[in-house]
Amino acid sequence: MRKTALGIGAFAGAGAIGSSTAVAQSEEDVLKTGAIYALGGPAAAAVAAYGYIVDGPDDSEVADSLEWQVHVDEFTRAREDELMLDQTLASLRRDVQLVENKAREEAIFRIYEQAVDSGDEADATAAAEEAINESFSTVQKGILDSWSIRYLRASTVWTTFDSSDQWDLDDMYSNVINIWNTRDDDKGGNSVGMNGLKGGTQSTSLYDGTSFEYNGVIEQDGDYYHIMDPVDYQSAYDSAGSAGKRVDTFRIKKPDTADYDSVDEDDALDIDDSNVDLINCWQWAEIYQDLDDEHTAVMDEVSSMVDTYFQDAQDGEIDLAEMVGPKHLSDTASTAKDFQESTMALRSMGFKIAEQSSVLSVDVDGEKSEYDGRLARTSDEPDPLPVGQEIDPELVPGSIYAAINVEDSDGNLTGEIAEITNTFEIVEAEGGASEVSFESRQLAESDTSSEDIEQIFKENFGANEDAKNNVYDTATGGGGAGGAGGFLDGDQDWGTIALGAGAAAIGWGYLTGGDD
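Read left to right, the sequence shown gives residues -16 to 499 (the numbering used here).
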């Protein structure tokens, strides 16, 4: 019997299943304890086994307490993930802000190469476009890789809850998962059975033409859409029947004690957040769209770049250093063929350029004159300017400039730069925008303070510790005030509790028939 008892105890110390099997469990109980082991790991199963030893509650109560712990753990982890995600998204936004300058420099270098290496303007154009596509593809892959990591993490959490007997799909939507339409700030909707977080691999062509795979899915049922794909986000968003039928965010709800039998109101989490984003597709889709807009804008400049640089480089009038500096652009602005070339000069001199081209009506000598062009500002963080309203430059911080198209006396179109000092109106903006916004020179940064981070980790630690203690108390019938029924100090870690349960099983083996 001693050999049997020692064998039982050793197995319990390692896995905490064998002890309760030999002492107090039927074959059915063995399977149930195994399920607890699978859900909560060795430590949780050890505590459950100890509960059986001391004639504790049945396995359904222990399972409920473990489910509570899992919910608390995933909720608190999601809060911590958001802190890291805040930094990640800020980094991606900075990449989008900076890549256009990198792409322009690479494009100018390729134009120079073609000019001094017997290429023609068509070769220079193709080389410049290739350079831009390569630069933007690097950032594009970074955005999609970041998204895939987040999506796979969210999919894992979904599977954890979905595989539990505690919830069916309706219960999950009621008690665990909250679906939301972040872009419209509206509660999203779903039809029966939709979840949107069960795997999925997508493929897209990067700007440089290579194929790239990433994780995600767009799930459709009628005019309901769960949109978990930043690349095709906009098309799915437009296809959904209404704001209430779009879902672009899955949130994990704060655990509610009313949903669990093993806890009461005193066990409620002392955390204000009622929901935490598990995954928010709009965050990546918005950055991805910004990158696409920047890519389009830089590609639209290629023709102007070639016109500005190619011939002068081929004739030996400028070298590469002069090409990437502002002086050549400012010198050639007076001979620009259109406002796009003039805009390049303004950008090189550090002006904040309007993100939309526009039609401007300017008061010149008491008469209104209209020009196609693009505005530029000198203030550090210029506010948007409204479309369809008269604007007095004296009431606007800094100076306002415009790169505009002007016809000469022969009817030829040229580009000019002018400071606007008289009242003017933005008659129309690109894309039908209601205001003209300006590029920011302020790099994106995280909004989370060190105080916020400290508070979140402090709250999470307390919540997780309480959930662990609840599992133990439930498994031991409330006898765990001192840790492992008083056998262990209160500051022992979870692994020690597992060993304690194994040791208890050894002792019980002797008490129930072990010989010397």
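Think of the CB as a built atom: it goes at the ideal place given N, C-alpha and C, for glycine as much as any other residue.
Would you be able to state if there are at least three C-beta pairs under 8 Å between the segment 373 to 389 and the segment 291 to 308?
At 8 Å Cβ cutoff, the stretches do not touch.
Tell me whether E413 counts as near the ligand SAM, meaning its Cβ is closer than 8 Å to at least one heavy atom of that ligand.
The model depicted lacks the ligand SAM and carries no ligand whatsoever.
If we call anything under 9 Å between Cβ atoms a contact, is A386 one with S325?
Contact annotation: A386 and S325 have beta-carbon atoms nearer than 9 Å.
Of the residues K170, P238 and S245, which one's Cα is nearest the Cα of D253?
Its Cα nearest to that of D253, the residue P238 stands out among K170, P238 and S245.
Taking the alpha-carbon of S194 as reference, which of S129, D168, S120 and E50 has the nearest alpha-carbon?
With distances taken between Cα atoms, S194 lies closest to S120.
Which residue from K236, A268 and N161 puts its Cα closest to that of D255?
Taking only the C-alpha atoms, the option nearest D255 is K236.
What does Q203 pair with, by DSSP beta-bridge criteria?
DSSP lists Y208 as partners of Q203.
According to DSSP, simplified to helix, strand and coil, what is S359?
One detail in the question is off: residue 359 reads as Ala in this sequence, not Ser. The answer is strand: DSSP assigns A359 an E or B state.
Can you tell me the Cα-Cα spacing of D295 and A98, whole angstroms?
Going by C-alpha positions, D295 is about 9 Å away from A98.
Out of G398, K181, L274 and W267, which has the shortest C-alpha to C-alpha gap to L329?
Distance check between L329 and each of G398, K181, L274 and W267 places G398 closest, using alpha-carbon atoms only.
Would you be able to state if there are at least three C-beta pairs under 8 Å between the segment 259 to 269 and the segment 78 to 94?
Output reads no: the segment 259 to 269 does not touch the segment 78 to 94.
Tell me the DSSP secondary structure of D215 in three-state form.
Of the three classes helix, strand and coil, the one that applies to D215 here is coil, per DSSP.
So F407 is in the beta strand (DSSP E); what residue range does that whole segment cover?
Annotation: the continuous beta strand (DSSP E) that includes F407 extends over F407 to A412.
On a CA-only basis, which of I270, I400 and G102 is nearest L75? Give me that one, please.
Relative to L75, the option among I270, I400 and G102 whose CA is nearest is I270.
Roughly how far, in whole angstroms, is the beta-carbon of L127 from the beta-carbon of Y197, given that I think they are within contact range, below 8 Å?
About 4 Å separates the two Cβ atoms, so the contact holds.
Look up K236 in the DSSP assignment and give the residues it is bridged to.
Answer is N258, bridged to K236.
Just mark S188 as buried or exposed, buried being the case when its beta carbon has 16 or more other beta carbons within 10 Å.
The residue is exposed, with fewer than 16 neighbouring Cβ atoms inside 10 Å.
For D321, does the count of other Cβ atoms within 10 angstroms reach 16, so buried, or fall short, so exposed?
Its Cβ being crowded by 16 or more others within 10 Å, D321 is buried.
Does the beta-carbon of D212 have 16 or more other beta-carbons within 10 angstroms, so that it is buried, or is it exposed?
Answer is buried; the Cβ neighbour count reaches 16.
I'd like the list of long-range same chain contacts for W141, defined as Cβ closer than 6 Å, with 5 residues on each side in sequence excluded.
Once the five neighbours on either side are set aside, the close Cβ partners of W141 are L180.
Residue interval of the alpha helix (DSSP H) (run including F421):
Looking at the DSSP string, F421 is not in any alpha helix (DSSP H), and its letter there is neither H nor E.
Member of P369, F407 and V342 whose CA lies at the smallest distance from the CA of G349
G349 has its Cα closest to that of F407, out of P369, F407 and V342.
Are there 16 or more other CB atoms within 10 angstroms of the CB of S340, so buried, or fewer, so exposed?
Buried, by the Cβ-count rule.
Look up L501 in the DSSP assignment and say whether it is helix, strand or coil.
Summary: the structure shown does not reach residue 501, with the chain confined to residues -16 through 499, and so no result is reported for it.
Taking a contact to mean a Cβ-Cβ separation below 9 Å, would you say W267 touches T232 in this structure?
The beta carbons of W267 and T232 sit no closer together than 9 Å.
Closest to E138 by C-alpha separation, out of G199, R93 and D42, would be which residue?
For the record, residue 138 in the displayed sequence is Ser; it is not Glu. If we check each option's Cα against that of S138, G199 comes out closest.
Enumerate in chain order the residues of its own chain whose CB-to-CB distance from F293 is below 6 Å, with the five nearest sequence positions on each side excluded.
Excluding five sequence positions before and after F293, the CB atoms of its chain that fall closer than 6 Å to its own CB belong to I94, A98, E104 and A107, given in chain order.
Using 10 angstroms around the beta-carbon of A372, count the other beta-carbons present and answer buried if the total reaches 16, otherwise exposed.
Checking the sequence shown, residue 372 turns out to be Gln, not Ala. Q372 is exposed by the Cβ-count criterion.
Apart from the five residues on each side of it in sequence, which residues of its chain come closer than 8 Å, Cβ to Cβ, to R405?
The sequence given here places Asn at residue 405; Arg does not occur at that position. Shown here for N405: same chain residues with a beta carbon closer than 8 Å to its own, the five before and five after excluded, namely V345, D346, V347 and P376 in chain order.
So, is L68 buried or exposed, given that buried needs 16 or more other C-beta atoms within 10 angstroms?
With 16 or more other Cβ atoms inside 10 Å of its own Cβ, L68 counts as buried.
Closest by C-alpha distance to E353, when choosing among I383, Q323 and V389
Here the closest residue by C-alpha is V389.
Nearest-angstrom Cα distance between N84 and K228?
Going from the Cα of N84 to the Cα of K228 covers about 39 Å.
Distance, Cα to Cα, D242 vs G182?
Computed Cα separation, rounded: 28 Å.
Where do the N-terminal and C-terminal ends of the alpha helix (DSSP H) with D64 fall, by residue?
Following the DSSP letters along the chain, one finds D64 inside the alpha helix (DSSP H) bounded by residues D42 to V99.
For L14, count neighbouring Cβ atoms within 10 angstroms of its own Cβ and tell me buried if that reaches 16, exposed if not.
The pLDDT assigned to L14 is 36, lower than 50, so where the model puts this residue is not dependable; a value taken from the coordinates is nonetheless given after this. By the neighbour-count definition (other C-beta atoms within 10 Å, threshold 16), L14 is an exposed residue.
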